[in-house]
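Mapping to full-length UniProt numbering: the sequence shown position 28 is 28, numbers consecutive.
Note that CB positions come from ideal geometry on N, CA and C, so glycine has one too.
To start, the structure under review is shown below, and the notes come after it.
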Amino acid sequence: MPTPVVDYDLCVGCGSCVEICPEVFEMRDDKAWVIGPDKCNTCDCQQAADLCPSQAIRFE
């Protein structure tokens, strides 16, 4: 399963990914951080990436 990665240079800190997948993402210092990459199967990480206004989330 691909792992979500946040590009901190692109992240604007909107928090939409945290609202969609709080078990995978959290906000720190106005940026989204990946805290549970292995939990993408319990939420819709792809939706979180699709709704990111700055396209800062990608999968590797």
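Per DSSP, the bridge partner or partners of residue 27: 32
Please state the DSSP three-state secondary structure of residue 4. strand
Alpha helix (DSSP H) segment containing residue 10, residue limits: Run containing residue 10: none; DSSP gives neither H nor E here.
Output needed for residue 5: all residues of its chain with C-beta closer than 6 Å, excluding positions within five of it in sequence on either side, in chain order. 58, 60
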